[in-house]
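As structure tokens, the structure follows; a few thoughts come after it.
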Amino acid sequence: MSKAISLSLAAAIVVSGGGAAARLATTQGTSSRAEVAAAHESVAIIVNNENKLSELPIGELRRMLLGEVTRWPDGRKITIAMRESGQPERDAVLRLVCRMNDQDFTRYLLQAAYRGELQGGPKLLDTSMGVRRFVFNVPGAIGYVRGDEVDGSVKVLRIGGTVPEEPAFGLTLRAR
């Protein structure tokens, strides 16, 4: 499979009606450069395929990332999978969801741990593939990857009613 086709397939993964089934948003092998670019510039919030949720309000995502919400609605423990400091995806999530920079986020987690309000910090992973594998293997996991790095092993959550390839999606990498 050519790189362009695999990018268009990855860019076209969306969650349908609360199930984990993925569908193609465009005809196989054809997508505009704008769709591929939009997926590359967006950040997809991913969960394990067993997760029953298909959508998450951005405020709830923020509370999860900050350790204020520690359980899924079904009672399962939430485990956060994050990229290490310095990665554009991490910067985008912290900036747009948590409204913090990396230093502020780290300080927040340290203070929460010191006060006993944080049971465990996020799992830090080196690569997007590592994040995807972790989320695939841990039923309560939630993480993020670039929109073009999504595959069928994980489920993409709708955030604020949109998914990464839609123009209104708000989680995008900082313009260079």
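Residue numbers for the sequence shown follow the working numbering, beginning at 9 and rising by one. From the three backbone atoms N, C-alpha and C, an ideal C-beta is built for every residue, glycine too. Given the structure is predicted, the values throughout are model-derived calculations rather than measurements.
Q. By the 10 Å Cβ neighbour count, where 16 or more other Cβ atoms means buried, how is Pro-130 classified, buried or exposed?
A. buried
Q.
Taking the beta strand (DSSP E) that Asn-56 belongs to, which residues open and close that run?
A. 51-56
Q. Grouping DSSP H, G and I as helix and E and B as strand, with all else coil, what is Glu-92?
A. coil
(Q) In whole angstroms, give me the CA-to-CA distance for Phe-113 and Cys-106. (A) 8 Å
Q: Specify the secondary structure class of Leu-69 as computed by DSSP and reduced to three states.
A: helix
Q | Ser-50, buried or exposed, once every other Cβ within 10 Å from all chains shown has been counted against 16 | A | Buried: at least 16 other Cβ atoms inside 10 Å.
Q. Around the Cβ of Val-143, are there at least 16 other Cβ atoms within 10 angstroms (buried) or fewer (exposed)?
A. buried
Q | Reference Phe-136; option with closest CA among Leu-69, Ser-62, Asp-110, Tyr-152 | A | For the sequence presented, residue 136 should be read as Ser rather than Phe. Selected option, being the one with the closest Cα: Tyr-152.
Q. Which partner residues of Glu-63 appear in the DSSP bridge assignment?
A. Arg-166
Q: Ignore the nearest five residues each way along the sequence and tell me which others in Arg-123's own chain have a CB closer than 6 Å to its CB.
A: none
Q) Ordered along the chain, which non-local residues of its own chain (more than five positions away) have a Cβ less than 7 Å from that of Asp-134? A) Glu-92
Q: Check whether the Cβ atoms of Ile-53 and Gly-148 sit closer than 7 Å, and answer yes or no.
A: no
Q: Mark Leu-165 as exposed unless 16 or more other C-beta atoms lie within 10 angstroms of its C-beta, in which case mark it buried.
A: buried
Q) If you draw a straight line from the C-alpha of Leu-102 to the C-alpha of Glu-68, how long is it? A) 14 Å
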